[in-house]
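Please read the structure below before turning to the comments.
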Amino acid sequence: RFEMKRPLVYAAIILICTLSLMQSVHGCDTTLRPSNRKGKDCVGRLCERGQCSHPCKKCVGEHWWCAGYCDL
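Below is the structure:
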């Protein structure tokens, strides 16, 4: 019975992995990163160990192959 559902499980796992990869591509593409805003020099900079300097609070697109960038 499980053997009939096995391809569906594999397909679901592949789709979840693909979705995660597609969402992270935005952070790796340096042309899509926002430019530094006046007074907010942390925006668009690379994340350092998943952390961003104040006032930036989040690291966008961070994965093991991509450092991501800081945003407000």
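Taking mature numbering (1 follows the signal peptide of the UniProt record, and there is no 0), I'd label the letters of the sequence shown as residues -27 to -1, 1 to 45. C-beta atoms are modelled at their ideal positions from N, C-alpha and C, and glycine is treated no differently. These numbers were taken from a predicted model, which means no experiment stands behind them.
Anticipated Cβ contact below 8 Å, residue i with residue j, distance rounded
i: residue 32; j: residue 23; result: 6 Å
Residue environment, residue i, which counts as buried when at least 16 other CB atoms sit within 10 Å
i: residue 14; result: exposed
Selected residue, minimal CA-CA separation from residue i, among the options
i: residue 27; options: 34, 17 and -22; result: 17
i: residue 39; options: 19, 25 and 45; result: 19
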